[in-house]
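Colleague: Quick one: this structure, given as structure tokens, is what I'll be asking you about.
Residue numbers (our numbering): 7 to 565.
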């Protein structure tokens, strides 16, 4: 048989990963296969070239063992171990692994005990109340399945931002090595638009004479090659969104022009081929890619009301970080130094509070110990850098924070967050947040909806009511920059700004590498149309010090 391309091999490797997960044993083996499959799907070089040149291990996540598997899959379309695994479980059972929270051992129980062999059969059984009656499964699992089926369907084939970034970076490196004639390699697609989940991995490249037959376009990585004259138009169309492009085309038609994939035309004349030129010829300022969703950005541009979006370099400090005092991996000193080395002016430690037993929440004695350490380090750092003393205080079921007022008053800032009781009803959960917001000790509401992308939906709350309360009580709304959260969702940022809220881009870092999650938070803020002057940690250290001092004065007056 003919050898398979990278996309087909990736599909087989993903199946291998799923069947390995269902078999049980070492869970990291299946995860390694999944990561390698993702990398293969985004390959910028034909897989047979890498095999012939013995370069498979250059692919992220591919070692010698997986390289051998890939080679067999490519050459034969199968693998002895895969064929053996196929005899154990029907193909449809693998679909159920896409449901967040449904672990392989539960999938096996659903198949063996209830005979469910597909996602459709799983959905039917859940709606017919058959799962909750099964021993070892139960009502809670049934409810979770019904809740998460939509995530399984909507998130299929999409990657978290940080994973997509790694694949695209590798793709660019591969293209540079294999096709040095290509210039201006530029990432496009929904990654360039800052979408929280990335479905289309796209790169636009410039060539002197583009060969359309050599520009692969698959469900994996898409490489569009254009000449210099039409590069900007190719980038515009490859970036999207479809709604934004359609509205630009309608505007062009109003002006007697025609916008197509090779540029903006008037009659037979090409008026503009670069992105900025196209917008200018249409009477618009340049519209940042993150805003291009067809959600009113063109009308705002026509009226001169586009926001000047926050950028990475606007942020002056980091808030909401964890250390090894709770569930982080590094000491306060190490995290603070790493933050300072990144050019920031302050580090806001916010370890978990006493109710978070699962995360080593701090006792009152441990708080005092951490504050003494912060004071010692601050003396060493001097005036140009400061550790701010914070806490991530759990919001209890009734909306109260989990320390007494006397303890909360010791902190420079308090991040109030929900970490349990996610299934309270809409009204109760909203009231819970409203009470926490009204507490004068609360500085920031952390990860407001509690969502985890492709893992669980947010809990039920009236987001508008909560945002209005934050504005009323001068409580900052967090944009949690962890790529699994990215919460508050960017679609609510405009409302938060209109109500008068300040926002804070926080990494929720538990280790030094996670400090760099800040970039994903900035991307979400940009997508939501947030300017730097509405971001709390865009304040300089003196500005932040004055802000927190004023908050403490307000707290004293309230007391």
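Where is the CB? At the ideal position from N, CA and C, for every residue including glycine. Given the structure is predicted, the values throughout are model-derived calculations rather than measurements.
Is the separation between the beta-carbon of residue 230 and that of residue 244 shorter than 7 Å?
Modeller: In this structure, residue 244 lies closer than 7 Å to residue 230 by Cβ.
Colleague: According to DSSP, is residue 369 helix, strand or coil?
Modeller: Coil.
Colleague: Determine the contact status of residue 146 and residue 137, defining contact as a CB-CB distance below 7 Å.
Modeller: Taking 7 Å as the Cβ cut-off, residue 146 and residue 137 do not qualify as a contacting pair.
Colleague: Taking the Cβ atom as the reference point for each residue, do residue 241 and residue 211 lie within a distance shorter than 7 Å?
Modeller: Taking 7 Å as the Cβ cut-off, residue 241 and residue 211 do not qualify as a contacting pair.
Colleague: What residue does the alpha helix (DSSP H) around residue 192 start on, and which one ends it?
Modeller: First-last for residue 192: 189–193, but that is the beta strand (DSSP E), not the alpha helix (DSSP H).
Colleague: Can you tell me whether DSSP reads residue 221 as helix, strand or coil?
Modeller: Only weak support exists for where residue 221 lies, its pLDDT of 47 falling under 50; the value from the coordinates is given anyway. It is coil, neither helix nor strand.
Colleague: Need the endpoints of the beta strand (DSSP E) that residue 275 sits in, please.
Modeller: 275–278 is the span of the beta strand (DSSP E), which, as asked, contains residue 275.
Colleague: Taking residue 541 as the reference, give the member of 512, 271, 371 with the closest Cα.
Modeller: Out of 512, 271, 371, 512 has the C-alpha closest to the C-alpha of residue 541.
Colleague: For the pair the stretch 294–305 and the stretch 515–522, tell me if three or more CB-CB distances fall below 8 Å.
Modeller: Verdict: no, contact absent.
Colleague: Does the stretch 14–30 come into contact with the stretch 168–184, if we say contact requires no fewer than three beta-carbon pairs (one atom in each stretch) closer than 8 Å?
Modeller: They do not touch, by the three-pair rule.
Colleague: Mark residue 292 as exposed unless 16 or more other C-beta atoms lie within 10 angstroms of its C-beta, in which case mark it buried.
Modeller: Result: exposed.
Colleague: Which residues bound the beta strand (DSSP E) around residue 482?
Modeller: Residues 482–486.
Colleague: When you compare each of 49, 59, 17 to residue 39 by their alpha carbons, which one comes out closest?
Modeller: Comparing Cα-Cα distances from residue 39 to each of 49, 59, 17, the minimum goes to 17.
Colleague: Express the C-alpha separation of residue 389 and residue 567 in angstroms, rounding to a whole number.
Modeller: Outside the displayed range of the chain (7 to 565) lies residue 567, so it cannot be described from this structure.
Colleague: Can you tell me where the alpha helix (DSSP H) with residue 212 in it begins and where it stops?
Modeller: Careful: residue 212 lies outside any alpha helix (DSSP H), inside the beta strand (DSSP E) at 207–212.
Colleague: Starting from residue 325 and walking both ways along the beta strand (DSSP E), at which residues does that stretch end?
Modeller: 323–327 is the span of the beta strand (DSSP E), which, as asked, contains residue 325.
Colleague: Tell me whether the beta-carbon of residue 380 lies closer than 7 Å to the beta-carbon of residue 360.
Modeller: No, these two residues do not count as a Cβ contact at 7 Å.
Colleague: What is the rounded straight-line gap between the Cα of residue 479 and the Cα of residue 448?
Modeller: Answer to the nearest angstrom: the Cα atoms are 9 Å apart.
Colleague: Do you know offhand how far residue 570's Cα is from residue 275's?
Modeller: An answer regarding residue 570 cannot be provided, because it is not within the stretch 7 to 565 covered by the chain.
Colleague: Checking the sheet assignment: what are the DSSP bridge partners for residue 422?
Modeller: DSSP lists 399, 451 as partners of residue 422.
Colleague: Are the stretch 322–331 and the stretch 495–503 touching, with three or more C-beta to C-beta distances below 8 Å?
Modeller: No: fewer than three Cβ pairs fall under 8 Å.
Colleague: Leaving aside the five residues before and after residue 413 along the sequence, list all residues of the same chain whose C-beta is less than 8 Å from its C-beta, in chain order.
Modeller: Cβ within range, chain order: 370, 373.
Colleague: State the beta-bridge partners of residue 54 as determined by DSSP.
Modeller: According to DSSP, residue 54 bridges with nothing at all.
Colleague: Sort 116, 76, 30, 227 by Cα distance to residue 49 and report the nearest one.
Modeller: It is 227.
Colleague: Identify which residue in 532, 460, 473 has its Cα closest to the Cα of residue 454.
Modeller: Closest by alpha carbon: 473.
Colleague: Does the Cβ of residue 109 have 16 or more other Cβ atoms within 10 Å, making it buried, or fewer, making it exposed?
Modeller: Burial call: exposed.
Colleague: Entirely within the stretch 217–268 and at least 3 residues each: give me those beta strand (DSSP E) ranges in chain order.
Modeller: Counting only runs of 3 or more, we get 227–232, 264–266.
Colleague: Under 8 Å: do the stretch 528–538 and the stretch 305–315 share three or more Cβ pairs, one atom per stretch?
Modeller: The stretch 528–538 vs the stretch 305–315: in contact.
Colleague: Spatial neighbours of residue 124 within its chain, please: C-beta separation below 7 Å, excluding the five flanking residues on both sides.
Modeller: For residue 124, where only same-chain residues beyond five positions count, the Cβ hits under 7 Å are 98, 101.
Colleague: Ends of the beta strand (DSSP E) at residue 510?
Modeller: Element bounds for residue 510: 509–512.
Colleague: If contact is defined by three or more beta carbon pairs under 8 Å, each pair taking one atom from either stretch, is the stretch 81–89 in contact with the stretch 59–67?
Modeller: Because the criterion of three Cβ pairs below 8 Å is not met, the stretch 59–67 and the stretch 81–89 do not touch.
Colleague: Mapping DSSP to helix, strand and coil, what is residue 151?
Modeller: Helix at residue 151.
Colleague: Pick from 340, 284, 302: whose alpha carbon is nearest that of residue 250?
Modeller: When each option's Cα is compared against that of residue 250, the closest is 302.
Colleague: Is DSSP giving residue 479 helix, strand or coil here?
Modeller: The answer is coil: DSSP assigns residue 479 none of H, G, I, E or B.
Colleague: Report back the beta-carbon spacing between residue 358 and residue 366 to the nearest angstrom; my notes put them in contact at under 8 Å.
Modeller: Their Cβ separation, rounded to whole angstroms, is 7 Å, which keeps residue 358 and residue 366 in contact under 8 Å.
Colleague: Quick one: what's got a C-beta closer than 7 Å to residue 345's C-beta in the same chain, skipping five residues either side?
Modeller: 324, 353, 521.
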